[in-house]
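All remarks here apply to the structure that follows.
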DNA sequence: TGACACATTC
């Protein structure tokens with residue numbers, strides 16, 4: 001019950017001189033049907049709303065003992081204009097209005113509550129309100145119908161939207177615009193254009209106005225339809241169409257130009273605008289970021305700040321943070337963090353997410369985690385940013401934990417989440433996790449998405465199921481260049497060079513032009529299959545026939561191809577003939593081959609070059625030290641390891657893992673932490689006895705340290721891949737393949753022993769090392785001993 | 001009474 005009515009309303013005679021107007025009105029109308037507020041209360045309410053002081057307006061409203069429809073409408077309207085954050089308030093007020101029952105919603109109520117439903121994408125509430133409006137006989141009202149169309153279109157319910165549109169007795173430009181904008185929102189180019197033409201024809205005969213263009217331009221931007229965009233621009237000039245001060249049309253135009261890659265025009269429109277607001281600034285800064293011109297984006301951002309903080313918005317900061325992430329400039333990123341904190345924008349979800357993503361991409365994963373934990377509200381983007389951060393920083397298991405947490409917290413993953421998560425399965429070669437992710441992708445209807453399929457192709461290839469990869473590739477509704485490249489690379493790591501080549505040749509049947517990456521994948525596929533002649537052929541064709549200038553990555557692949565194939569001198573010559581200075585990675589490829597082919601002399605020579613260049617990363621230090629060890633020069637090997645330590649490069653310890661019934665078991669060399677270690681070591685010992693009988697001898701040149709021969713043999717025997725395989729032999733039934741993943745390249749002695757293991761234990765053993773797959777069967781390996 | 005431009009995760 002509401003508080004008692006003031007005495008003046010019920011008893012006019014009691015206070016005749018104090019509020020004559022109010023008394024007159026309240027006595028003139030019976031309180032049950034046509035009730036009115038005291039005019040000053042209504043006026044005060046509207047003033048507070050106009051000032052944007054919603055909380056005081058609400059307070060005042062709650063004080064009103066007997067609010068009428070006008071008061072309800074004013075507040076509902078104010079809430080519905082404040083976006084999703086306040087839309088729920090509008091719906092709650094509408095519900096109160098219905099409960100109250102004394103002032104039923106009228107034709108001024110419905111458009112605003114429907115707008116609130118649109119903001120929340122609340123289709124259920126929207127349908128209910130549609131029924132209420134129909135009961136009140138107002139569903140064909142111009143404003144109500146337009147709001148209904150807007151709601152149904154935003155929720156992608158095209159049929160009901162069309163039904164409402166057709167049932168309208170008369171339509172104005174706003175109604176037509178709702179249709180155009182709805183189709184534009186969902187990227188339905190054809191439908192939007194058809195609507196646009198129909199509104200100008202025949203009986204309707206309405207000219208597009210500024211709002212039509214503002215709805216249409218983002219669609220053209222999304223389609224990169226520069227030509228149509230230009231003609232819209234021309235039309236707006238010819239028809240001198242612009243909104244009040246030209247901000248909306250101007251902003252939409254410059255955004256369209258930027259997204260179509262025409263920054264010059266975007267800048268011209270920006271310069272010519274008489275009035276700019278925060279959205280305008282965001283659009284121009286974002287435009288430079290989208291076109292990859294990060295430094296200029298920063299300059300614009302500074303220009304904006306130079307005019308005060310008035311234009312600063314979460315959106316412009318978000319774009320700038322993306323620029324920081326892409327330039328890997330944490331210093332500026334941290335400055336932006338401070339700016340956000342100072343200006344009170346840090347609580348904004350978009351800004352917070354950008355900040356989180358910037359830290360994650362920069363590898364500052366602890367900062368990202370802290371920020372994530374401190375965020376008051378988290379959405380799908382927040383979780384996805386963290387998942388992707390963990391995966392990019394090699395913390396695949398942590399990424400799965402975040403994904404689990406996401407599900408516990410009822411946050412729905414989207415395409416971006418899954419595209420980040422699936423590579424984590426690939427990284428761990430966790431087939432069960434991968435299949436699970438594949439399942440959830442199907443359930444959520446994301447399976448036809450190109451980016452999802454690309455991730456799945458890569459995942460199945462890296463988990464050893466190249467046939468699954470191909471199935472997904474063949475079933476894709478549409479493929480992009482990444483799909484082709486991923487599939488070719490998948491064949492490559494499986495040593496299926498012929499299949500890779502066949503797929504490459506098939507590209508032109510599907511009107512798909514190879515790019516630089518295609519050739520990297522193709523040449524390295526040839527390299528893994530020992531197809532040296534073919535690889536050389538494609539390298540030459542790349543420049544001659546396809547006009548692609550080789551990059552450093554192509555030279556790396558070529559050196560790898562030649563050297564791995566045993567043509568070490570030719571590889572050396574090839575490096576000498578390069579038009580650019582070979583970097584460490586090129587020499588590293590040659591060094592790795594020197595080790596495989598045991599060419600100590602050339603190895604030493606290459607090692608000197610690498611030392612001069614400064615061996616970046618861990619790989620070359622390890623190789624260098626291995627070369628010296630293999631030559632018996634342990635002092636020098638030790639020296640390299642000391643330098644490596646001094647420079648702060650940690651050699652990641654060799655680690656192998658195997659997935660049994662969906663759980664991962666990881667081993668490092670000499671590891672005894674596994675609960676079944678005694679059995680594992682016993683099994684390894686038994687295997688050693690068996691294979692010694694077949695003539696196996698440990699190749700101790702693969703041991704790094706200067707140990708006694710017998711010690712070396714032990715060090716070799718307990719390499720992580722051998723432990724993982726022995727565990728697999730013990731736990732998996734005989735019909736199952738043993739699938740082991742190693743973070744580094746498999747060592748030569750292990751390679752020999754695993755061949756023997758496949759023979760004496762009659763098991764198919766698949767090892768995925770850092771470079772490729774090895775399928776061991778009947779004492780043979782699919783890599784043909786070149787890896 | 002009504003529409004409408006910018007942005008974060010891949």
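Numbering (full-length UniProt numbering), first residue to last: 1 to 787.
Just so it is clear, CB atoms sit at the ideal spot from N, CA and C, and this is done for glycine as well.
No experiment lies behind these values; they were computed from the predicted model shown.
One thing to note: residue 454 has its Cβ no nearer than 8 Å to the Cβ of residue 420.
By the CB criterion at 8 Å, residue 478 and residue 450 fall inside the cutoff.
When the Cα atoms are used, residue 610 and residue 594 turn out to be separated by approximately 13 Å.
The Cβ-Cβ distance between residue 326 and residue 294 falls below 8 Å. Taking residue 93 as reference, the option from 77, 461, 426 and 228 with the minimal CA-CA separation is 77. When DSSP assignments are scanned along the UniProt domain "DYW" (695-787), the uninterrupted stretches of beta strand (DSSP E) that are 3 or more residues long and fall wholly within it turn out to be 738-742, 765-768 and 773-777. In the three-state reduction of the DSSP assignment, residue 332 falls in the helix class. Secondary-structure assignment with DSSP links residue 666 through a beta bridge to 657.
Nearest neighbour of residue 699 by Cα position, chosen from 346, 292 and 753, turns out to be 753. Residue 171 counts as buried, since at least 16 other C-beta atoms from the protein chains shown sit within 10 angstroms of its C-beta. Under the three-state reduction of DSSP, residue 309 is assigned to coil, being neither helix nor strand. Separation of the CB atoms of residue 133 and residue 139 is rounded to 5 Å, and the pair is thereby assigned contact status at 8 Å. In the displayed model, residue 276 falls within coil according to three-state DSSP, outside both helix and strand. Per DSSP, reduced to three states, the secondary structure at residue 146 is helical. If the five residues before and after residue 783 are omitted, its C-beta is found closer than 6 Å to the C-beta atoms of 495 and 774, all from its own chain and listed in chain order.
Fewer than three pairs of CB atoms, one per stretch, sit closer than 8 Å, so the region 670-680 makes no contact with the region 433-452. Secondary structure note for residue 56: its alpha helix (DSSP H) is the uninterrupted segment 54-63. Counting the other CB atoms within 10 Å of its CB gives residue 485 a total of 16 or more, which places it among the buried residues. In this chain, the alpha helix (DSSP H) harbouring residue 118 covers 110-120. Burial state of residue 474 is exposed, judged by a 10 Å Cβ sphere holding fewer than 16 other Cβ atoms. Annotation: residue 639 to residue 746 spans about 24 Å, alpha carbon to alpha carbon. Taking 8 Å as the cut-off, the Cβ atoms of residue 679 and residue 430 do not count as close. Under the three-state reduction of DSSP, residue 319 is assigned to helix. CA-CA distance, residue 664 to residue 265, rounds to 55 Å. With respect to the C-alpha of residue 343, the residue from 308, 367 and 374 having the closest C-alpha is 308. Assigned with DSSP and collapsed to three states, residue 104 falls in coil, not helix or strand.
Contact between the region 233-244 and the region 210-223 is present: 3 or more CB-CB pairs across the two stretches fall below 8 Å. Setting aside the 5 residues that flank it on each side, residue 321 is surrounded in the same chain by 333, 336, 354, 355 and 358, each with a C-beta closer than 7 Å to its C-beta; the list follows chain order.
The region 539-552 makes no contact with the region 565-573: fewer than 3 CB pairs, one atom from each, lie closer than 8 Å.
Within the same chain, 258 and 259 come within 8 Å of residue 290 by CB-CB distance, once the 5 residues on both sides are set aside. It is roughly 15 Å from the alpha-carbon of residue 443 to the alpha-carbon of residue 433. For the pair residue 461 and residue 181, the Cα-to-Cα distance works out to about 42 Å.
Excluding the 5 residues flanking it on each side, residue 109 has same chain C-beta neighbours closer than 6 Å at 73, in chain order.
Separation of the CB atoms of residue 558 and residue 523 is rounded to 6 Å, and the pair is thereby assigned contact status at 8 Å.
Residue 144 places its beta carbon 8 Å or farther from that of residue 104. With fewer than 16 other Cβ atoms inside 10 Å of its own Cβ, residue 99 counts as exposed.
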